[in-house]
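This report concerns only the one structure given below.
In my numbering, the protein residues as written are 3 to 298.
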């Protein structure tokens, strides 16, 4: 080999070695970011594999309005107080007419006459599984208000989250929804703590997971493109639409993968001009990409 050829060969090899390799997880992150940036509004994503603690995110440390996803930390505190003997799931709860307001409430539809009794357990189930807003505010009352839930999550080491207002307050003043916020990463951290740190007794943890698995709302979001029968314990959040701008289309939960591992997926979409169906399809696509990658 001539001197000139040798120099050319060394230069080419050295140049190739300087090119950074893009591993599969970086490729996944890029695909998610590209999809997130393809729609109007702000999109935040946090993904965390429980068993290996692999993480990736897109705008994961930006604050987003939680909307009804905040019913998950509320349910955590309710069941924590049940475990501590401060509340009882079978205790009777009187439903008064003044508890009702114009909102999404299957509970209110069931007890349409009001002035009836139900149980703490039924209110919790309606709140978690059907995103009942009247039930949510009743639970807030029994644990001591949103401030108590806010203090509780902070005591777990969850800092980038604020729980300030009730559902009724948000319905009376739409702008208050932005005071109930979290970052995608911190919500993923809360799900991870719930699953791994024995915050609740095994019985209470199983009950809450079951309620989230059997939720009847948001089925086209995280679950939308996953194989039929995939177990997903999740909570949704949806804001109002004004002047074709929707304040929030959210979903957060834990997917049980075919290999037995558990994948936390949090997707927040805020201030989007897309139809809700488009936003839901984006959430579903992100969840499917993560599912495919972490199932290998």
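Cβ coordinates follow ideal geometry from the N, Cα and C atoms, glycine included.
{"Asked": "Leaving out five residues before and five after residue 152 in sequence, what residues of the same chain have Cβ atoms less than 8 Å from its Cβ?", "Found": "163, 164, 165 and 166"}
{"Asked": "Do residue 49 and residue 59 have their CB atoms nearer than 8 Å?", "Found": "yes"}
{"Asked": "Leaving out five residues on either side along the sequence, give the residues of the same chain with a beta carbon under 6 Å from the beta carbon of residue 63.", "Found": "185 and 187"}
{"Asked": "Measuring CA to CA, which of 247, 107, 89 and 94 is closest to residue 218?", "Found": "107"}
{"Asked": "Would a C-beta distance cut-off of 8 Å place residue 57 and residue 91 closer than the cut-off?", "Found": "no"}
{"Asked": "Please state the DSSP three-state secondary structure of residue 223.", "Found": "coil"}
{"Asked": "Do you know whose CA, among 190, 235, 272 and 96, lies nearest residue 252's CA?", "Found": "272"}
{"Asked": "Do you know offhand how far residue 308's Cα is from residue 154's?", "Found": "The structure shown does not extend to residue 308, since the chain is modelled only from 3 through 298, so no value can be given for it."}
{"Asked": "Does DSSP classify residue 122 as helix, strand or coil?", "Found": "helix"}
{"Asked": "Rounded to whole angstroms, what is the Cα-Cα separation between residue 87 and residue 40?", "Found": "49 Å"}
{"Asked": "Between residue 281 and residue 53, what straight-line distance do the alpha-carbon atoms span, to the nearest angstrom?", "Found": "29 Å"}
{"Asked": "The beta strand (DSSP E) that contains residue 50, what's its start and end?", "Found": "44 to 51"}
{"Asked": "Could you tell me which of 78, 118 and 236 sits nearest to residue 205, measuring between CA atoms?", "Found": "78"}
{"Asked": "Could you have a look at residue 133 and say whether DSSP puts it in helix, strand or coil?", "Found": "coil"}
{"Asked": "Where does residue 246 land, buried or exposed, given buried means 16+ other C-beta within 10 angstroms?", "Found": "exposed"}
{"Asked": "Bridge partners of residue 163, per DSSP?", "Found": "184"}
{"Asked": "Contact between the stretch 164 to 183 and the stretch 197 to 213 is defined here as three or more beta-carbon pairs at a separation below 8 Å; is this criterion met?", "Found": "no"}
{"Asked": "Which residues in the same chain as residue 261 place their Cβ atom closer than 8 Å to its Cβ, once the five residues preceding and following it in sequence are excluded?", "Found": "297"}
{"Asked": "Can residue 46 and residue 276 be called in contact, C-beta distance under 8 Å?", "Found": "no"}
{"Asked": "Would you decide whether residue 225 is buried or exposed? Buried here means 16 or more other CB atoms lie within 10 Å of its CB.", "Found": "buried"}
{"Asked": "Rounded to a whole number of angstroms, what is the C-alpha to C-alpha distance between residue 36 and residue 26?", "Found": "15 Å"}
{"Asked": "Does DSSP put residue 59 in a helix, in a strand, or in coil?", "Found": "strand"}
{"Asked": "Using DSSP with H/G/I as helix, E/B as strand and the rest coil, what is residue 315?", "Found": "Coverage of the chain is limited to positions 3 through 298, which leaves residue 315 absent and any answer about it impossible."}
{"Asked": "Within 10 angstroms of the Cβ of residue 73, are there 16 or more other Cβ atoms? Answer buried if so, exposed if not.", "Found": "buried"}
{"Asked": "Does DSSP put residue 102 in a helix, a strand or coil?", "Found": "coil"}
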